[in-house]
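Asks: First residue of the sequence shown: 1, per this note's numbering; consecutive thereafter.
Let me give you the structure first, and then I'll get to my questions.
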Amino acid sequence: SNAERTIVFYPGSATPLLRWTSALERSIAGAKILHFNGRHPDVCASAISVAKSRGVTLSFDGGAYRYREEVLPALRASDIVIVARQFAESHYERNVGSSDGVANANLAEFLMADLSCQVVGVTDGKAGSDLIERSGTSFHQPAIGVSQAIDTTGCGDTYHGAFLHSIARGKTVKESAKLAAQVSSANARQLGGLAFHLPVGQLPAHDHV
């Protein structure tokens, strides 16, 4: 009823399957955007190096309770940084002090000043997201509410996916954030992070978002 969720995470003990390969290198070299969250740091470092040498845009996803020292090199290398409020708070507290009472917009401004990237966004569930561009342009993107939230699993991932899809198509940051909010909202209306499908041909026109 309140759109909250409970996640039980068990990392397991298996050897990580992601390894650096020539096929992965070729794929990254030919991409428009490389999106990552800091997992597999060794592979991530190699991927970032290739992406930077080929002019590929780097996008970082900072999830809630995922802030740790080993992700900082990836964070600082990124062009687009969109993180959950809790992640932003952790970085703020590491560098400044208590984040109590600090607004999302101010957290975004701090991250932009500290990281000097192209775009910074701070997402906060039903409170929406606050974004700022290097030029100083900033805005608040309200969340798009749903009459009944079925499952919020994957809302953050679909926000990132829709945002980057829009950016790759040449849309503005503001247009991309609007689309991201709509797709994230649609994701919450069905059960399971993989249940929502919106074919590219059915993407709404940006002036209707």
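Virtual Cβ for every residue (Gly too), placed ideally from N, Cα, C.
None of these values were measured; they are calculated from a predicted model.
Count the C-beta pairs between the segment 135-142 and the segment 171-189 that are closer than 8 angstroms, then say yes if the count reaches three, no if not.
Replies: The segment 135-142 vs the segment 171-189: in contact.
Asks: CA-CA distance, Ala23 and Phe9?
Replies: Within the sequence shown, numbered from 1, the residue matching residue 23 stands at position 23. Within the sequence shown, numbered from 1, the residue matching residue 9 stands at position 9. The alpha-carbon atoms of Ala23 and Phe9 are separated by roughly 30 angstroms.
Asks: How would you label Ala103, buried or exposed, when you count the other beta carbons within 10 angstroms and need 16 or more for buried?
Replies: As a working note, residue 103 is residue 103 in the sequence shown. Exposed is the call here.
Asks: Measuring only the C-alpha atoms, how far is Ala45 from Gln118?
Replies: Residue mapping note: residue 45 aligns to position 45 of the sequence shown, counting from 1. Residue mapping note: residue 118 aligns to position 118 of the sequence shown, counting from 1. Approximately 20 angstroms, taken between the alpha carbons.
Asks: Which residues bound the beta strand (DSSP E) around Thr57?
Replies: Indexing the sequence shown from 1 puts residue 57 at position 57. Segment 57-62, the beta strand (DSSP E) holding Thr57.
Asks: For Asp42, is the classification buried or exposed, using 16 other Cβ atoms within 10 angstroms of its Cβ as the cut-off for buried?
Replies: Numbered from 1 along the sequence shown, position 42 holds the residue referred to as residue 42. Counting Cβ neighbours within 10 Å, Asp42 comes out exposed, since fewer than 16 surround it.
Asks: Check for me: the beta strand (DSSP E) holding Ile132 runs from which residue to which?
Replies: Along the sequence shown, one-based indexing puts residue 132 at 132. Counting along the chain, the beta strand (DSSP E) containing Ile132 begins and ends at 129-133.
Asks: Thr123 and Tyr159 - do their beta-carbons sit closer together than 8 angstroms?
Replies: As a working mapping, residue 159 is identified with position 159 in the sequence shown. As a working mapping, residue 123 is identified with position 123 in the sequence shown. Cβ atoms of Tyr159 and Thr123: closer than 8 angstroms.
Asks: If contacts are defined as beta-carbon pairs under 8 angstroms, then Ala29 and Val50 qualify, I think. What distance do you get, rounded to the angstrom?
Replies: By 1-based counting over the sequence shown, the position of residue 29 is 29. By 1-based counting over the sequence shown, the position of residue 50 is 50. Indeed they touch by this definition, with Cβ atoms about 6 angstroms apart.
Asks: Buried or exposed for Asn95, please, with buried defined as at least 16 other CB atoms from any protein chain shown within 10 angstroms of its CB.
Replies: Here the question's residue 95 lines up with position 95 in the sequence shown. Classification for Asn95: exposed.
Asks: Please state whether DSSP places Leu34 in a helix, a strand or coil.
Replies: For this step, residue 34 is matched to residue 34 along the sequence shown. Leu34: strand per DSSP, three-state reduction.
Asks: Can you tell me where the beta strand (DSSP E) with Phe139 in it begins and where it stops?
Replies: Taking the sequence shown and counting its residues from 1, one reaches residue 139 at position 139. Where Phe139 is concerned, the enclosing beta strand (DSSP E) stretches over 138-141.
Asks: Drop a sphere of 10 angstroms on the beta-carbon of Gly156, count the other beta-carbons inside from all chains shown, and report buried for 16 or more, exposed for fewer.
Replies: For this step, residue 156 is matched to residue 156 along the sequence shown. Gly156 should be labelled buried.
Asks: When DSSP builds the beta bridges, which residues end up paired with Ala84?
Replies: Residue numbering aside, residue 84 sits at position 84 when the sequence shown is read from its first letter. In the DSSP output, where bridge partners are listed per residue, Ala84 has Thr123.
Asks: Out of curiosity, what's the CA-to-CA distance linking Thr21 and His40?
Replies: Your numbering for residue 21 matches position 21 in the sequence shown. Your numbering for residue 40 matches position 40 in the sequence shown. For Thr21 and His40, the distance between alpha carbons rounds to 14 angstroms.
Asks: Could you tell me whether any non-hydrogen atom of the ligand GTP is closer than 7 angstroms to the CB of Gly12?
Replies: This structure lacks the ligand GTP; in fact it carries no ligand of any kind.
Asks: Grouping DSSP H, G and I as helix and E and B as strand, with all else coil, what is Phe9?
Replies: Counting from one through the sequence shown, the residue named residue 9 turns up at place 9. Coil, per DSSP.
Asks: Given a cut-off of 8 angstroms on the beta-carbon distance, is the pair Ile33 and Leu164 in contact?
Replies: For this step, residue 33 is matched to residue 33 along the sequence shown. For this step, residue 164 is matched to residue 164 along the sequence shown. In this structure, Leu164 lies closer than 8 angstroms to Ile33 by Cβ.
Asks: Who are the near neighbours of Arg19 in its chain, counting only those whose CB is closer than 8 angstroms to its CB and skipping five residues on each side?
Replies: Residue mapping note: residue 19 aligns to position 19 of the sequence shown, counting from 1. Contacts found: Val43.
Asks: Where do the ends of the alpha helix (DSSP H) carrying His212 lie?
Replies: This structure leaves residue 212 out entirely; the chain is present only between 1 and 209.
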